[in-house]
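Take a look at the structure set out below.
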């Protein structure tokens, strides 16, 4: 009798133990969660991405998403490279263009079969496509140019809609400068001369037309000849003359979050990605004050902003199969689920790079304007993301800073960077 009871109890405990083992950890496969490491460089939407990840984890208890965010520019590139060098490769990471795709190609998954690739707006996969294979999902569409405070322009008696040439822009700058004391401005411009990525993006307005506004041509170009270098110099000299000084010390945070948001400068060179930062300080800024002006490069008859997919989510195919699947599922959910789409527009305040979005739901007028300019062919591609690896930060940026500081002449800048471009390519 005792032996029978003990035997039956043993079976019961064994079953309970097996059931407990299957249910532990909130997932199948022995209870161990699938860990997905995400490397993000968009600091301005870190909080929104954190919240989106928490929502996804709540709906997918078997997935643990760990987010690392490093600011844009050389710091982010170096941090990502360090991850790969130390065998801590992320599962999902942002790619800045075809140079990045080529650099990490052996790790990158062909994303052709993903829903977020199939729903991408036509042409938006080009910046992450090599030999007809797409290796990245577009993060969003971003546009950049002169971001302006419309209230300051109005107070100075300048109507932004009348600026139809470079000379019009110069006149507007001079008018605002003549009234800067009564307007309470520190200066007209708040150009971030300390940030290599700002300089790189600024250069794009003048190099994209040289590369025929084509990402593939830009990526394959072995030379940069500064075809529109004289206009770049004109804009640079204008900015330096009417900028908060010292220009070389002005960083992103000071420029955007202190000076521009607090009505201390009228113009900065940035893009619609600053909307979340602006609205976190002043909820009405983007709706009531923010505007965007194009740059006049090829001619004074037509101005262009730069717009298109800025970054692409790459997925590390070298990870375990379940990690790759979880990575694909998360990215697809982010861009194709009803909740994800709503967050992309309402919280991230992104201009979507995918079909199926209600564009009228975009809350800030500048994002709508950028999107419309893109559709109307009034934009240049992100050609600067196709520069040779390291060119922006180690070649163009140092020389540009030297020029701003008066250490070299413009022809020296062009001569040095032209040589370095070819060598680095």
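In the working numbering, the protein residues as written are 201 to 625.
For each residue, glycine too, the CB sits at the ideal point set by N, CA and C.
No experiment lies behind these values; they were computed from the predicted model shown.
Under a 10 Å Cβ-count criterion, residue 403 is classified as buried, with 16 or more other Cβ atoms of the shown protein chains found around its own Cβ.
Where residue 342 is concerned, the enclosing beta strand (DSSP E) starts and stops at 341-349. Within 10 angstroms of the beta-carbon of residue 341 lie 16 or more other beta-carbons, which makes it buried.
In the DSSP assignment, residue 509 falls outside any alpha helix (DSSP H) and within the unbroken beta strand (DSSP E) covering 505-509. Between the region 572-590 and the region 365-384, the count of Cβ pairs shorter than 8 Å is below three; the stretches do not touch. Here residue 362 is exposed, its C-beta having fewer than 16 other C-beta atoms within 10 Å. A buried status is given to residue 452, since no fewer than 16 other beta-carbon atoms sit within 10 Å of its beta-carbon. Between residue 425 and residue 618, the CB-CB gap stays under 9 Å. In the three-state DSSP reduction, residue 572 falls in the helix class (H, G or I). One Cα belongs to residue 358, the other to residue 398, and the distance between them is close to 26 Å. In this structure residue 470 is buried. Its beta-carbon is surrounded by 16 or more other beta-carbon atoms within 10 angstroms. Residue 298 and residue 271 have their alpha carbons spaced roughly 20 Å apart.
A straight line joining the alpha-carbon of residue 310 with that of residue 586 spans about 20 Å. For residue 243 and residue 526, the gap between their C-alpha atoms comes out near 23 Å.
In the DSSP assignment, residue 269 forms a beta bridge with 240. One Cα belongs to residue 332, the other to residue 458, and the distance between them is close to 44 Å. Exposure of residue 572 is indicated by the presence of fewer than 16 other C-beta atoms within 10 angstroms of its C-beta. Annotated three-state conformation of residue 445 is coil, per DSSP. The C-beta separation of residue 495 from residue 405 comes to about 5 Å, placing the pair in contact by the 8 Å criterion. DSSP places residue 566 in the helix class (H, G or I) of the three-state scheme. Taking C-beta separations shorter than 7 Å and ignoring five residues to either side along the sequence, the partners of residue 315 in its chain run 532, 536, following chain order. Out of 601, 239, 336, 481, the CA that lies nearest to the CA of residue 282 is found in 239. Collapsing the DSSP output to three states places residue 357 in coil. Take the alpha-carbon of residue 507 and the one of residue 579: they are about 6 Å apart. With a threshold of 16 other beta carbon atoms within 10 Å, residue 430 falls short and is exposed. Listed in chain order, the alpha helix (DSSP H) elements of length 4 or more contained wholly in the region 373-438 are 380-383, 396-407, 415-420.
Under the DSSP assignment, residue 513 falls in the beta strand (DSSP E) whose first and last residues are 512-515. Exclusion of the five residues before and after residue 613 leaves 599, 603 as the residues of its chain whose Cβ lies within less than 6 Å of its Cβ.
Here the alpha carbons of residue 262 and residue 394 stand approximately 43 Å from one another. Residue environment: residue 575 is assigned as exposed (fewer than 16 neighbouring CB atoms within 10 Å of its CB, all protein chains considered). Under DSSP, residue 491 forms a beta bridge with 348.
Taking each of 419, 251, 449, 392 in turn and checking the Cα distance to residue 327, the smallest one comes out for 419. In this structure residue 339 is not in contact with residue 610, their Cβ atoms being roughly 35 Å apart against a cut-off of 8 Å. In terms of CA proximity to residue 554, 509 leads the group 509, 256, 285. Of the residues 582, 556, 551, the one whose Cα lies closest to the Cα of residue 401 is 582. A residue is called buried when at least 16 other Cβ atoms come within 10 angstroms of its Cβ; residue 489 meets this threshold and is buried.
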